[in-house]
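Have a look at the structure below, then the notes.
Protein chains: 2
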Amino acid sequence: MQAQLIALDWGTSSLRAYKLGPAGAVLEQRSLACGIMHLPIEPRDIAGIYCTNGFELAFDTACGDWLDAQPGLPVIACGMVGSAQGWSEAAYRNTPVDVASLGQALHCVRSLRGVDVHIVPGVIEQVGLPNVMRGEETQVVGVLQGLGTQVLIGLPGSHSKWVEVIEGRITHFDTFMTGELFAVLSKHSILGRTQQPCDQFQAEAFDRGVQVALSKDGQRGVLSTLFSARTLGLTAELSPDQQPDYLSGLLIGHELAGLPDHARHKPIILVGAAPLCARYQRALALCGFAHVSLAQEATERGLWQLAVAAGLTQPVTEA
Amino acid sequence: MQAQLIALDWGTSSLRAYKLGPAGAVLEQRSLACGIMHLPIEPRDIAGIYCTNGFELAFDTACGDWLDAQPGLPVIACGMVGSAQGWSEAAYRNTPVDVASLGQALHCVRSLRGVDVHIVPGVIEQVGLPNVMRGEETQVVGVLQGLGTQVLIGLPGSHSKWVEVIEGRITHFDTFMTGELFAVLSKHSILGRTQQPCDQFQAEAFDRGVQVALSKDGQRGVLSTLFSARTLGLTAELSPDQQPDYLSGLLIGHELAGLPDHARHKPIILVGAAPLCARYQRALALCGFAHVSLAQEATERGLWQLAVAAGLTQPVTEA
Chain X
1 MQAQLIALDW GTSSLRAYKL GPAGAVLEQR SLACGIMHLP IEPRDIAGIY
51 CTNGFELAFD TACGDWLDAQ PGLPVIACGM VGSAQGWSEA AYRNTPVDVA
101 SLGQALHCVR SLRGVDVHIV PGVIEQVGLP NVMRGEETQV VGVLQGLGTQ
151 VLIGLPGSHS KWVEVIEGRI THFDTFMTGE LFAVLSKHSI LGRTQQPCDQ
201 FQAEAFDRGV QVALSKDGQR GVLSTLFSAR TLGLTAELSP DQQPDYLSGL
251 LIGHELAGLP DHARHKPIIL VGAAPLCARY QRALALCGFA HVSLAQEATE
301 RGLWQLAVAA GLTQPVTEA
Chain R
1 MQAQLIALDW GTSSLRAYKL GPAGAVLEQR SLACGIMHLP IEPRDIAGIY
51 CTNGFELAFD TACGDWLDAQ PGLPVIACGM VGSAQGWSEA AYRNTPVDVA
101 SLGQALHCVR SLRGVDVHIV PGVIEQVGLP NVMRGEETQV VGVLQGLGTQ
151 VLIGLPGSHS KWVEVIEGRI THFDTFMTGE LFAVLSKHSI LGRTQQPCDQ
201 FQAEAFDRGV QVALSKDGQR GVLSTLFSAR TLGLTAELSP DQQPDYLSGL
251 LIGHELAGLP DHARHKPIIL VGAAPLCARY QRALALCGFA HVSLAQEATE
301 RGLWQLAVAA GLTQPVTEA
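Protein sequence lines correspond, in order, to chains X and R.
Take the first sequence: its letter number 84 is residue 84 in our numbering, and every next letter is one higher.
Take the second sequence: its letter number 40 is residue 40 in our numbering, and every next letter is one higher.
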């Protein structure tokens with residue numbers, strides 16, 4: 001089937017490339033460890049030119065053969081590739097921002113082979129503490145279709161985002177460093193020393209962590225409850241293989257306790273890796289959030305829709 | 001001057017040895033990098049016996065010559081040396097605990113040279129989330145003399161403790177992993193990447209961090225405000241050399257925000273390293289805590305008083 005668009009989800013540590021066909025159907029996809037902090041360094045010829053630029057090399061590795069086969073294919077990309085440390089900086093758009101309008105604000109960088117790469121700008125909030133996203137705005141576009149006028153979109157990860165959308169506009173968002181904190185505490189703090197990794201999800205320990213975060217003890221904040229991941233081990237209430245999931249539940253519980261009260265009454269959509277979304281879904285239920293659903297393929301759908309909005313491709317192929 | 005007691009403050013990473021004279025005066029002191037996780041490994045003869053035990057080797061390095069000179073000197077020790085990973089486990093005492101009674105509960109381990117080392121037990125709280133301390137109970141003993149009936153003792157550090165004391169009894173305490181979190185985030189997280197260490201204390205950035213923790217944004221919790229240490233750099237509101245002290249103020253502010261309301265009306269005593277106590281004193285003032293003072297030499301005084309209570313030495317030397 002003829003491709004219509006190349007869509008790149010290009011973050012800090014990885015690069016996912018999608019070849020999309022009519023109506024945005026995924027014809028082929030690839031995942032490379034070529035994030036902007038892990039670019040290739042081996043120079044080679046691209047389009048007859050000796051190339052040392054890591055972004056060009058990664059781009060060519062990700063989709064050079066697709067472009068060889070169909071040289072006219074448009075290319076769209078989102079994520080940290082548009083940051084100050086990326087290929088070319090796509091300036092942030094301020095909140096509140098109509099996400100559909102992002103398609104009119106793509107930032108263009110011309111690759112060595114003469115193909116334009118259209119980069120989706122990130123979003124910045126400058127009311128109160130500043131907050132930024134790159135890539136998540138595209139996922140928001142990808143999940144919004146067919147939803148009500150007010151939703152809260154949760155994007156769990158190293159830096160979880162919670163995005164409030166009202167009538168297609170991102171009005172506010174928060175970032176929680178939950179995933180990264182879990183990783184550095186497990187790897188580098190005293191809490192990791194007594195943890196034992198476990199293949200099986202320790203549901204009871206996870207739930208206990210969530211509940212501690214929601215309890216009166218939890219009101220003292222995560223700096224205080226963290227130590228319980230150690231002391232509950234000392235008192236033999238948590239076994240070493242339960243400690244990682246206890247810590248996971250504790251941190252996710254504190255994240256959810258930090259959501260605004262009105263979040264409780266909004267439909268919530270979770271976007272992200274399935275095992276992580278399952279943890280959040282479980283924790284949200286324990287916190288009493290009622291309307292939670294999961295979104296699939298948010299990134300590739302979002303990139304497709306923004307490319308359509310930008311006129312890079314046609315929403316429906318004519319017969 | 002004749003010594004009366006050897007007092008050891010023996011923690012995870014370091015070992016401080018004090019030779020105390022009449023009325024607990026410090027005659028000599030030493031600091032060794034021989035904490036229980038960093039014991040010597042080179043075997044040698046001690047008291048004519050070939051020794052491979054790291055605790056014995058560290059003990060001999062710390063005060064073997066003092067004992068050679070005065071073989072009958074009593075020895076008291078506090079800290080992680082009495083933990084399950086220590087030289088010999090001194091079982092925890094439960095809260096509420098009269099700190100003066102700890103002198104009657106010393107745990108004894110006989111060293112190779114035949115000298116008894118008397119270890120102060122730690123304290124455990126098992127109401128609600130469990131909490132433990134080892135070493136801080138001795139510092140509490142050291143600062144309590146001459147104070148009112150109700151005080152709150154703050155012991156900032158890797159694992160800050162806040163200890164409520166009523167009429168000489170530890171009634172409750174909390175642990176905040178503030179110092180360790182600051183260290184792992186600075187060294188291993190994305191926040192460290194844009195930080196630039198600075199010799200000079202960045203007061204404005206520190207105060208801003210404290211104020212963010214106390215603000216409406218701070219109520220979402222530290223998982224959320226942490227990201228501002230990055231975004232305020234992106235928006236050029238914090239320079240790289242201001243970021244470490246901003247993060248320090250932010251974490252200390254969240255710790256203080258987690259103290260109970262009644263803490264605001266109690267006399268607060270800070271115990272610990274002077275530069276760190278100065279940060280806490282500054283942050284406490286920003287938080288509106290009124291009665292804050294600093295204690296000196298808490299550990300050596302506490303060890304002295306417990307040794308007196310145990311009958312290991314005399315409170316006042318008779319002429």
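Every residue, glycine too, gets a C-beta built ideally from N, C-alpha and C.
None of the values given here were measured: they were computed from a predicted structure.
Stretch pair the stretch 163 to 179 of chain X + the stretch 153 to 168 of chain R: three plus CB contacts closer than 8 Å: No, they do not touch.
Cβ of X:M80 within 8 Å of any chain R Cβ: As a position in the first sequence, residue 80 of chain X is number 80, starting the count at 1. Residue contact with chain R for X:M80: absent (no Cβ-Cβ distance below 8 Å to any residue of chain R).
Complete alpha helix (DSSP H) runs within the stretch 62 to 132 of chain R (minimum length 4 residues, chain order): List check, alpha helix (DSSP H) in window: nothing returned.
CB contact below 8 Å: X:V97 versus chain R: Counting from one through the first sequence, the residue named residue 97 of chain X turns up at place 97. With its beta carbon at least 8 Å from every one in chain R, X:V97 lies outside the interface.
Cβ pair X:T225, R:L223 closer than 8 Å: Within the first sequence, residue 225 of chain X is the residue found at index 225, counting from 1. Within the second sequence, residue 223 of chain R is the residue found at index 223, counting from 1. For X:T225 and R:L223, no; Cβs fall outside 8 Å.
Own chain, CB closer than 8 Å to R:G221, minus 5 neighbours either side, in chain order: On the second sequence, position 221 is the one that residue 221 of chain R refers to. Residues of the same chain with a CB within less than 8 Å of the CB of R:G221, apart from the 5 flanking positions on each side, are H254 in chain order.
Sequence-distant residues of its chain with Cβ nearer than 7 Å to X:A229 (five each side left out): Translated into positions along the first sequence, residue 229 of chain X becomes position 229. If the five residues before and after X:A229 are omitted, its C-beta is found closer than 7 Å to the C-beta atoms of L191, Q243, Y246, L247, L250, all from its own chain and listed in chain order.
Rounded separation between X:P315 and X:L5 - CA only: Taking the first residue of the first sequence as position 1, residue 315 of chain X is located at position 315. Taking the first residue of the first sequence as position 1, residue 5 of chain X is located at position 5. So the two alpha carbons sit approximately 11 Å from each other.
Residues that X:F201 contacts on chain R, provided the C-beta gap is smaller than 7 Å: For the purposes of this step, residue 201 of chain X is taken as residue 201 along the first sequence, with counting starting at 1. For X:F201, there are no neighbours in chain R by C-beta distance under 7 Å, as the nearest C-beta there is about 22 Å away.
Reduced DSSP secondary structure (H/G/I, E/B, other) of X:K216: By one-based count along the first sequence, residue 216 of chain X stands at place 216. Coil at X:K216, not helix or strand.
Coarse secondary structure for X:A310, derived from DSSP in three states: If you number the first sequence from 1, residue 310 of chain X lands on position 310. DSSP places X:A310 in coil when its eight states are reduced to three.
Where X:V271 falls: helix, strand or coil (DSSP): Translated into the one-based positions of the first sequence, residue 271 of chain X becomes position 271. Three-state result, X:V271: coil.
For X:G142, the three-state DSSP class (helix, strand or coil): Here residue 142 of chain X refers to the residue found at position 142 when the first sequence is read from its first residue. The three-state reading of DSSP puts X:G142 in helix, counting H, G and I together.
Beta carbon of R:I76 nearer than 8 Å to that of R:H118: Here the question's residue 76 of chain R lines up with position 76 in the second sequence. Here the question's residue 118 of chain R lines up with position 118 in the second sequence. With respect to the 8 Å criterion, R:I76 and R:H118 are classified as neighbours on the basis of their beta carbons.
CB contact check: R:Y135 to chain X, cutoff 8 Å: Walking along the second sequence from the start, residue 135 of chain R turns up at place 135. The sequence as given places Gly at residue 135 of chain R; Tyr does not occur at that position. For R:G135, the nearest beta carbon of chain X is not closer than 8 Å to its own beta carbon.
Residues that R:R220 contacts on chain X, provided the C-beta gap is smaller than 7 Å: The sequence position of residue 220 of chain R within the second sequence is 220, counting from 1. D174, G258, listed in chain order.
Contact check, R:W66 vs R:A7, beta carbons under 8 Å: Taking the first residue of the second sequence as position 1, residue 66 of chain R is located at position 66. Taking the first residue of the second sequence as position 1, residue 7 of chain R is located at position 7. Judged by beta-carbon spacing, R:A7 lies beyond the 8 Å limit of R:W66, meaning their Cβ atoms are not closer than that value.
Members of the stretch 167 to 199 of chain R near chain B, C-beta cut-off 9 Å: You won't find chain B in this structure, because its protein chains are X and R.
Residue range of the beta strand (DSSP E) that includes R:S31: Here the question's residue 31 of chain R lines up with position 31 in the second sequence. Element bounds for R:S31: 26 to 32.
Proximity of R:Y92 and R:I46 at Cβ, strictly below 8 Å: The sequence position of residue 92 of chain R within the second sequence is 92, counting from 1. The sequence position of residue 46 of chain R within the second sequence is 46, counting from 1. Between R:Y92 and R:I46, the CB-CB gap reaches or exceeds 8 Å.
CB contact below 8 Å: R:P156 versus chain X: Here residue 156 of chain R is taken as the residue at index 156 of the second sequence, counted from 1. With 8 Å as the cut-off, R:P156 does not count as an interface residue toward chain X.
Where R:I190 sits in the DSSP three-state scheme: Stepping through the second sequence from its first residue, residue 190 of chain R is reached at position 190. Three-state DSSP puts R:I190 in a helix.
Bounding residues of the beta strand (DSSP E) (the contiguous stretch that carries R:S160): To locate residue 160 of chain R, count along the second sequence from 1; it is residue 160. Run containing R:S160: 160 to 166, per the beta strand (DSSP E) assignment.
Cβ-Cβ distance between X:S189 and R:V184 below 8 Å: Here residue 189 of chain X refers to the residue found at position 189 of the first sequence. Here residue 184 of chain R refers to the residue found at position 184 of the second sequence. Against a cut-off of 8 Å, the Cβ pair of R:V184 and X:S189 comes out as a contact.
Min CB distance R:N94 to chain X below 8 Å: Translated into the one-based positions of the second sequence, residue 94 of chain R becomes position 94. Answer no: the Cβ-Cβ gap between R:N94 and chain X never drops below 8 Å.
Opening and closing residue of the alpha helix (DSSP H) in which X:V222 lies: For the purposes of this step, residue 222 of chain X is identified with residue 222 of the first sequence, where counting begins at 1. First-last of the alpha helix (DSSP H) with X:V222: 222 to 225.
Touching by the beta-carbon criterion (3+ pairs, under 8 Å), the stretch 90 to 108 of chain X and the stretch 123 to 138 of chain X: Three or more Cβ pairs drawn from the stretch 90 to 108 of chain X and the stretch 123 to 138 of chain X lie within less than 8 Å of each other, which places the two stretches in contact.
Among R:S215, R:D199, R:C198, R:F173, the one whose alpha carbon lies nearest that of X:D217: Taking the first residue of the first sequence as position 1, residue 217 of chain X is located at position 217. Checking every option, the nearest Cα to that of X:D217 belongs to R:F173.
For R:L45, three-class secondary structure by DSSP: As a first step, residue 45 of chain R is located in the second sequence; it is residue number 45 there, counting from the start. The identity of residue 45 of chain R in the sequence shown is Asp, whereas the question assumes Leu. DSSP places R:D45 in strand when its eight states are reduced to three.
The stretch 99 to 109 of chain X touching the stretch 299 to 313 of chain X, judged by at least three CB pairs closer than 8 Å: Yes, they touch.
Any C-beta of chain R under 8 Å from that of X:T299: Sequence index remark: in the first sequence, residue 299 of chain X carries index 299 (1-based). It does not: the Cβ of X:T299 has no partner Cβ on chain R nearer than 8 Å.
Candidates X:L234, X:N53, X:I36, of which the one nearest X:R113 by Cα: Taking the first residue of the first sequence as position 1, residue 113 of chain X is located at position 113. Residue X:N53 is the option with its Cα nearest to X:R113.
X:F201, DSSP secondary structure in three states: By 1-based counting over the first sequence, the position of residue 201 of chain X is 201. If DSSP states are grouped into helix, strand and coil, X:F201 belongs with coil.
Beta-carbon proximity of X:T138 to X:T313, cut-off 8 Å: The count along the first sequence starts at 1 and reaches residue 138 of chain X at position 138. The count along the first sequence starts at 1 and reaches residue 313 of chain X at position 313. No, Cβ-Cβ distance for X:T138 and X:T313 is not below 8 Å.
Start-to-end residues for the alpha helix (DSSP H) that takes in X:D245: As a position in the first sequence, residue 245 of chain X is number 245, starting the count at 1. Per DSSP, X:D245 is one residue of the alpha helix (DSSP H) stretching across 243 to 257.
Exposure of R:Q200, with buried meaning 16 or more beta-carbon neighbours within 10 Å: On the second sequence, position 200 is the one that residue 200 of chain R refers to. Taking all protein chains shown into account, R:Q200 has fewer than 16 neighbouring C-beta atoms within 10 Å of its C-beta and is therefore exposed.
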